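The structure under discussion appears below in the form of structure tokens.
Protein chains: 2
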Amino acid sequence: MPTSAAHEAWALFWRIFTADKPRRLAVMAELGLSFQQAMALMHLEPGEPMTMSALAAGMHCDNSNVTGIVDRLEAADLARRHPAEHDRRVKTIVLTEKGEALRGEVQRRAGQPPREIAALSPQDAAALRDILARAVEHEYPTT
Amino acid sequence: MPTSAAHEAWALFWRIFTADKPRRLAVMAELGLSFQQAMALMHLEPGEPMTMSALAAGMHCDNSNVTGIVDRLEAADLARRHPAEHDRRVKTIVLTEKGEALRGEVQRRAGQPPREIAALSPQDAAALRDILARAVEHEYPTT
DNA sequence: CAAGGTGCTTGAGGTTGTCAACCTTTACGG
DNA sequence: CCGTAAAGGTTGACAACCTCAAGCACCTTG
């Protein structure tokens, strides 16, 4: 049973995140990416091949969905599919140089906190970070 | 120039919100709504008619987009369009009884904080709420 | 070797996003 | 007044993404 404070905090959480949505979309659009394409880039760490399934799990979406997204990343020369060695069903995805560069750009620009968060006092910002860090420790392994 | 703490807080913010996305979608799906349809319901306060433009602005999306969403709400008997009296170009949207009931359900269920937030200590939850409340005071009027 | 499971792709169908064009109605300048 | 511009809403074309159900190729196991 969450406290009333947690309930109110969640409402504010939601409000801040959705208010910032246009900015995030604008950043992606400027870089020529859709939102999900940018998310895929962020999940693909440079030099760390990732299977389609792992990417789908990380993005909390269907496997068949990732097929199309990676198709477009490949078409834009941002990533490449390689067949895995031990299992020919599996395909691993790797960022190209161009993909790594663009990933950095996404990270740099979308990682900027929105006005509401950036304008917090240093004390509030630090407290917020610490509380949220404790919050993510309450994640379970996803079933 | 945001502090490093603000930057890290934003990363955690993002992580928590996207990790909860499947739950939010599942709630809407159980109620027979798409995500945007549910958002529209939330913006339409019972007994408060709203114009298409106002709804589009509130949802941070294009005007033409809202047309389709409201079409589906009307088809599901959740809302109705009425012509405005003073200006025959304008149409106002009002929730039906069914729409008001479903809106309450969405609010009740999607308003529940996710595990990470709900599991915070009462002190952390209160502090989080207070910090976020200060954060939203930093909103500007949207240009 | 046959049967079943896994990894990825394909397909149909629906919702949302952008953008441009359109229609009606209102507002404004002469 | 009248003509032109602007505003509110809709429509259409097109791309992206979502779900779900099949399908195919490839393991894995009995």
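Residue numbers (the numbering used here), protein chains in the order written: chain R, 1 to 143; chain B, 1001 to 1143. Note that the Cβ used here is the ideal one computed from N, Cα and C, for glycine as well. On a predicted model such as this, the values are computed, not experimentally measured, just so you know.
Chain B places no beta carbon closer than 8 Å to that of E85 (chain R), leaving this residue out of the contacts. Put simply, the CB of A26 (chain R) is far from chain B, with every gap to its CB atoms at 8 Å or more.
DSSP, read as helix, strand or coil, puts V90 (chain R) in coil. Nearest C-alpha to A1057 (chain B) among B:E1137, B:H1043, B:E1048 and B:L1025: B:H1043.
At least 8 Å separates the CB of V1106 (chain B) from every CB of chain R. For H1007 (chain B), the uninterrupted alpha helix (DSSP H) run begins and ends at S1004 to A1019, by DSSP. Nearest neighbour of L31 (chain R) by Cα position, chosen from R:E8, R:Q107 and R:F17, turns out to be R:Q107. Between the beta-carbon of P113 (chain R) and that of A1019 (chain B) there is about 18 Å, and that puts the pair past the 8 Å contact cut. CA-to-CA, the gap between L95 (chain R) and L120 (chain R) works out to about 36 Å. At a cut-off of 8 Å between beta carbons, D1062 (chain B) makes no contact with chain R. Under the Cβ criterion (8 Å, minimum of three pairs), the segment 1067-1080 of chain B does not count as touching the segment 1009-1017 of chain B. Closer than 8 Å to the CB of A40 (chain R) there is not a single CB belonging to chain B. Shown here for K98 (chain R): same chain residues with a beta carbon closer than 7 Å to its own, the five before and five after excluded, namely D77 and L78 in chain order.
When DSSP states are grouped into helix, strand and coil, M1059 (chain B) belongs to the coil group. The beta carbon of R1109 (chain B) sits closer than 7 Å to those of V1027, all from its chain and outside the five residues before and after it, given in chain order. Residue contact with chain B for G111 (chain R): present (Cβ-Cβ distance below 8 Å to some residue of chain B). Cβ atoms of L73 (chain R) and Q123 (chain R) stay farther apart than 8 Å, at about 41 Å. The beta-carbon distance between L41 (chain R) and R103 (chain R), rounded to whole angstroms, is 5 Å. This is short enough to meet the 8 Å contact definition.
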